[in-house]
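Novice: Basically my numbering = 1-based index in the sequence shown + 45. In this text, a Cβ means the ideal position worked out from N, Cα and C, and glycines have one as well. The structure displayed is predicted, hence computed values, not measured ones.
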Amino acid sequence: MMEHSHGSDYVFETLCSVDISMAFSASHFSFKHITFLQILPIILTIPTQHTIGCYTSIISFGDSLADTGNYLHYTQYSHSTPPNFAFPPYGETYFHRPTGRCSDGRLIIDFIAQYLGLQLVPPYLGDGEKNVITRSEENFEEGVNFAVVGASALDAAFYKEIGLDDPCGNFSLEVQLGWFKEMLPSLCTNTSSGNCNKLLQSSLVLLGTIGGNDYDNAFMAGLSFEEVQSFVPLIVNVIASAINELIKLGAVTLMVPGIIPIGCLPVNLAYYNNSKEEEYDPLTGCLIWLNKFAEYHNELLQIELNQIRELHPHTTIIYADYYNDAMRFYLSPSKFGFTEGALTACCGGGGPYNVNSTAECGSPESTSCDNPSLYASWDGLHFTEAAYKWISQGLLFGPYTIPPLNTSCVLLV
C-alpha cells in the first residue's frame, strides 16, 4: 500500500498538492431564525418506464458530495499520493471497491441517475490507471460529471490576492465549466441529432454543492468569522454567473443545492470541540454558529435564484434544500435507521465523534463499523450511502426542492 499523508488538512478536504492546470487546458449576518420558503407538497407519480420528454442525461459540477472519480483518476494519472478515499473500506457497500466516491457507496447524483432510469454518471477524467486521461465521448451519452473532491467556488486568483494558500483553486467551478465548454462540441456531435440545444434541453444540470470548501479552508486558515462571512455574497455571485452561463449555452433545468448543516459534521464537532454549552443546539448537539453560517449562505443563494428565475422565466431553476433534508437525521436519527446516531462517523480513528486526523478513514490505523447503514456519517465529513439515499428521496419525492422536480420522470428502483 502506498504511503499517504495524514493531518488536519484532511478535515477540510485540502487535497491541493497537484496542479491540474499544468495537465489540462481546457450583507449583514444575523443569528435570528431564518425563515425558509414554504414548500408545497409534491404529488408523486411513479411510472414503470421512461416518460416521453424526461431527462436523457445528467451534467454535474461540484465538490466531494458529487465527485464520482475525477480526483482519484487524476492522482493516478499524475502519480500523486493517493487520497485516503482510494483505499478500502471506501465503496464497500455498493461497488465493493473504492471508486473515488467519498462514501461507502452511492452518492446523491448516483441515486438521482438511477431514479431517472439513467446510467451512473461517469467522471470527466477517465481511467488514470492506464497513465492516460480517457475522455471517450461515447461513455457520456447519458451524462458527464465534472465535480472534484476539494473543489472551491472562488478561484486561485482570489485566494492569492488575499494572501491565502490556494484551497484547490485548480478544481474551481470556473475550471469545471471550462472543461464542460471544451467538451460540449464533441458531446453534441455524438448525440443522435447532433444538436447542442436538444442535448442541453433534455439534460438535468446539477450545479453543486459548491462553496463549502471555501468556507472551511478560510476558517481553518484562521480568518475571522466576519472575514469568512464576507465571502458569501462573492460565492453566491460565482454560482449565479455559472447558472447564467449554462443557460446561455442552452440548459433549461438546473438543480442548485444549498450547503448541508456543517455544524453537525463530526469533523467540525471534533475540531471545534469545547465545553461551552451555549454553542451547541440542545436538540441536535450540533454547533449553532456553523449551522447559522450555512443558513445564511442558503438564504442568500435562494434570493439570487429567485432573481435568476425572473430573468429567465422559461428556465427551471430548482433549489435543492440539502440543509433541511439532512437536518432530519440530526433531529431524529433513529427514525431513519441511524440507531448509532448521526454525530459519530462509521469509519475513523477514534477520539471525539470517531474523528482523528492522524487515523483518517482508509488508513491502516482507522477502523470501520460493521454496518454503515446504522450511521448517517461515513468518515466524519461525508454521509453514508444510506444517508445519501434518504437525501435523494427527499429531493425527488419532496418536499426539499423548490420548485419540485418533475416526478413523472422518476422510476421506482
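My output table needs one value for Ala421: the three-state DSSP class, helix, strand or coil.
Specialist: If DSSP states are grouped into helix, strand and coil, Ala421 belongs with coil.
Novice: Report yes if the CB atom of Gly308 is closer than 7 Å to the CB atom of Cys331, and no otherwise.
Specialist: Yes; because the gap between Cβ atoms is below 7 Å, this pair is in contact.
Novice: Select from Gly188, Gly256 and Ala202 the residue whose C-alpha is nearest the C-alpha of Leu229.
Specialist: Of the candidates Gly188, Gly256 and Ala202, the one whose C-alpha sits nearest the C-alpha of Leu229 is Gly188.
Novice: Where does Ile348 land, buried or exposed, given buried means 16+ other C-beta within 10 angstroms?
Specialist: Ile348 comes out exposed.
Novice: Taking only three categories from DSSP, how would you classify Val166?
Specialist: Coil, per DSSP.
Novice: Determine the closest residue to Phe338 out of Asp366, Lys205, Ser411 and Tyr260, with distance taken between C-alpha atoms.
Specialist: The residue with the shortest Cα to Cα distance from Phe338 is Tyr260.
Novice: Return the chain-ordered list of same chain residues with a C-beta closer than 8 Å to the C-beta of Leu310, the five sequence neighbours on each side being excluded.
Specialist: Closer than 8 Å at Cβ, skipping near neighbours: Ser422, Gly425 and Leu426.
Novice: So what does DSSP say about Leu388, is it helix, strand or coil?
Specialist: In this structure, Leu388 counts as coil in the three-state DSSP scheme.
Novice: Determine the burial state of Trp435: buried for a count of at least 16 other Cβ atoms within 10 Å of its Cβ, exposed for fewer.
Specialist: Looking at its Cβ environment, which holds 16 or more other Cβ atoms inside 10 Å, Trp435 is buried.
Novice: For Gln221, count neighbouring C-beta atoms within 10 Å of its own C-beta (all shown protein chains included) and say buried if the count is 16 or more, exposed if not.
Specialist: Answer is buried; the Cβ neighbour count reaches 16.
Novice: I'd like to know whether the C-beta atoms of Ile280 and Gly256 end up nearer to each other than 7 Å.
Specialist: It is a contact, given that the beta carbons lie within the stated cut-off.
Novice: Label Leu356 either buried or exposed according to how many other C-beta atoms from any shown protein chain fall within 10 Å of its C-beta, with 16 as the threshold for buried.
Specialist: It counts as exposed.
Novice: Give a yes or no on contact between the stretch 362 to 376 and the stretch 442 to 452, applying the rule of three or more CB pairs nearer than 8 Å.
Specialist: Segments in contact, yes.
Novice: According to DSSP, what are the bridge partners of Asn318?
Specialist: The partner list for Asn318 (beta bridge, DSSP) is empty, contrary to what the question assumes.
Novice: Between the alpha carbons of Val63 and Ala390, how many angstroms are there, rounded?
Specialist: Because Val63 sits at a pLDDT of 38, beneath the cut-off of 50, its placement in the model cannot be relied upon, and the following sentence gives the value as read from the coordinates. Roughly 28 Å between the two C-alpha positions.
Novice: Can you list, in chain order, the residues of its chain whose CB lies under 6 Å from that of Gly114, leaving out five sequence neighbours each side?
Specialist: Here the set comprises Thr144, Gly145 and Pro168.
Novice: Considering only C-alpha positions, which residue in the set Leu209, Ala192 and Cys233 is nearest to Phe216?
Specialist: Closest option to Phe216, Cα to Cα, is Ala192.
Novice: Compare the Cα-Cα distances from Phe225 to each of Phe374, Phe106 and Pro327 and report the closest residue.
Specialist: The candidate whose alpha carbon is nearest that of Phe225 is Phe106.
Novice: Nearest by alpha-carbon distance to Pro397: which of Ala315, His124 and Asn240 is it?
Specialist: If we check each option's Cα against that of Pro397, Ala315 comes out closest.
Novice: Just tell me which of Arg142, Lys243, Met265 and Cys99 has its CA closest to the CA of Gly407.
Specialist: Looking at the Cα atoms, Arg142 is the closest of the given residues.
Novice: Report the three-state DSSP secondary structure of Thr234 (helix, strand or coil).
Specialist: If DSSP states are grouped into helix, strand and coil, Thr234 belongs with the helices.
Novice: If you draw a straight line from the alpha carbon of Gly195 to that of Asp155, how long is it in whole angstroms?
Specialist: Taking the straight line from one Cα to the other gives about 19 Å.
Novice: Tell me which residues share the same chain as Thr138 and place their Cβ nearer than 7 Å to its Cβ, disregarding the 5 neighbours each side in the sequence.
Specialist: Around Thr138: Asp149, Gly150, Pro417 and Glu430.
Novice: Kindly indicate which residue of Gly136, Leu117 and Asn318 has the alpha-carbon position closest to the one of Ile333.
Specialist: Taking only the C-alpha atoms, the option nearest Ile333 is Asn318.
Novice: For Leu328, which of Ile362, Glu344, Met372 and Gln352 has the nearest alpha-carbon?
Specialist: Among Ile362, Glu344, Met372 and Gln352, the Cα nearest to that of Leu328 belongs to Met372.
Novice: Can you tell me whether Phe76 is helix, strand or coil according to DSSP?
Specialist: Confidence in Phe76 is poor, its pLDDT being 37 and thus under 50, which makes the residue's placement too unreliable to answer from.
Novice: For the candidate residues Asn129, Leu165 and Val297, whose alpha-carbon lies nearest to that of Gly393?
Specialist: Closest option to Gly393, Cα to Cα, is Asn129.
Novice: Taking the runs of the alpha helix (DSSP H) that are 4 residues or longer, which of them lie wholly in the stretch 406 to 451?
Specialist: Correct list: 430 to 441.
Novice: Would Leu218 and Val277 qualify as a contact pair, given that the criterion is a beta-carbon distance under 7 Å?
Specialist: No, Cβ-Cβ distance for Leu218 and Val277 is not below 7 Å.
Novice: Can you tell me which of the three DSSP states Tyr368 falls into?
Specialist: It is helical.
Novice: At the level of alpha carbons, what is the spacing between Ser123 and Ser197?
Specialist: Cα to Cα, the separation comes out at about 21 Å.
Novice: According to DSSP, what are the bridge partners of Met265?
Specialist: Note: Met265 sits in no beta bridge, so no partner.
Novice: May I have the straight-line CA-CA distance separating Phe464 from Val166, to the nearest angstrom?
Specialist: Because the chain is modelled from 46 through 458, residue 464 falls outside the range shown and cannot be assessed.
Novice: For Ser10, list the residues DSSP reports as bridge partners.
Specialist: Nothing can be reported for residue 10: it is not among the residues displayed for the chain, which extend from 46 to 458.
Novice: Is the separation between the beta-carbon of Ser453 and that of Ile157 shorter than 7 Å?
Specialist: No. Outside cutoff.
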